[in-house]
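In UniProt numbering, the protein residues as written are 1 to 157.
Using N, Cα and C, we set each Cβ at its ideal position, and we do this for glycine too.
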Amino acid sequence: MRKKNPSIPAAGEGKRGEEGYLGYLLRQAAGAYRLKVERALDEFAVTQAQFAALTMISAYPGISNADLARLAVLTPQTVSVIVGNLEKAGSLVRRPHAVHGRIQHLDLSESGRALLKKCRERVYKLEGELTAGLSAEEERAVRRWLVNVATADAPQP
1 MRKKNPSIPA
11 AGEGKRGEEG
21 YLGYLLRQAA
31 GAYRLKVERA
41 LDEFAVTQAQ
51 FAALTMISAY
61 PGISNADLAR
71 LAVLTPQTVS
81 VIVGNLEKAG
91 SLVRRPHAVH
101 GRIQHLDLSE
111 SGRALLKKCR
121 ERVYKLEGEL
131 TAGLSAEEER
141 AVRRWLVNVA
151 TADAPQP
């Protein structure tokens, strides 16, 4: 005799709720947030990965594709596609490295900076919604915890 499939709980219930594994809950939260960002930036035809790339290039002008992959937590192959698409759209420019011919520096163009500004407004609004119920101290604690999770096994410089 076959057992009935248990009903699948909604997000926030059962193992998808407070009783779930932290790793799963982080993944679930990241997926939900990614979807919100994608929807918020859809009008600009920008994905969350492209937004991350634009943000990191703005913060660290002149970085290479390899640096961008590490900073944006993306594969080199994904970064290559993103950089190509952003360059075709006129949002970034590549400059050759002074010594290493194969390395190129990435910088935002004027239109890339304008696009990032519009995207940031949308993402800041989402982040405000995420933290709406938190005090400043609680938000700092969450940010600190997330950084600790991300850097726990990272090699120290």
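Sequence-distant residues of its chain with Cβ nearer than 6 Å to L86 (five each side left out): Hits under 6 Å: L92.
Pair within 7 Å by beta-carbon distance, P76 and A69: yes
Which residues DSSP lists as bridging L108, in chain order: Here L108 is bridged, per DSSP, to L92.
V79, buried or exposed, once every other Cβ within 10 Å from all chains shown has been counted against 16: buried
Entirely enclosed alpha helix (DSSP H) segments - the stretch 101 to 150, minimum 4 residues: 110 to 131
Counted within 10 angstroms of its Cβ, other Cβ atoms place R122 as buried (16 or more) or exposed: buried
Minimum C-alpha distance to Q48 - residue among S58, S7, Y33, I57: Y33
Cβ contact check for the stretch 100 to 112 and the stretch 129 to 148: 3 or more pairs under 8 Å: no
Distance, L130 Cα to E13 Cα: 19 Å
Close-in-space but distant-in-sequence residues of the same chain around A29 (CB under 8 Å, 5 per side omitted): none
Chain-order list of residues whose beta-carbon lies under 8 Å from that of V83 (same chain, five-residue window excluded): A53, N65, L68, L92, R94, L106
Classification of G112 by the beta-carbon crowding that lies within 10 angstroms, buried from 16 upward: buried
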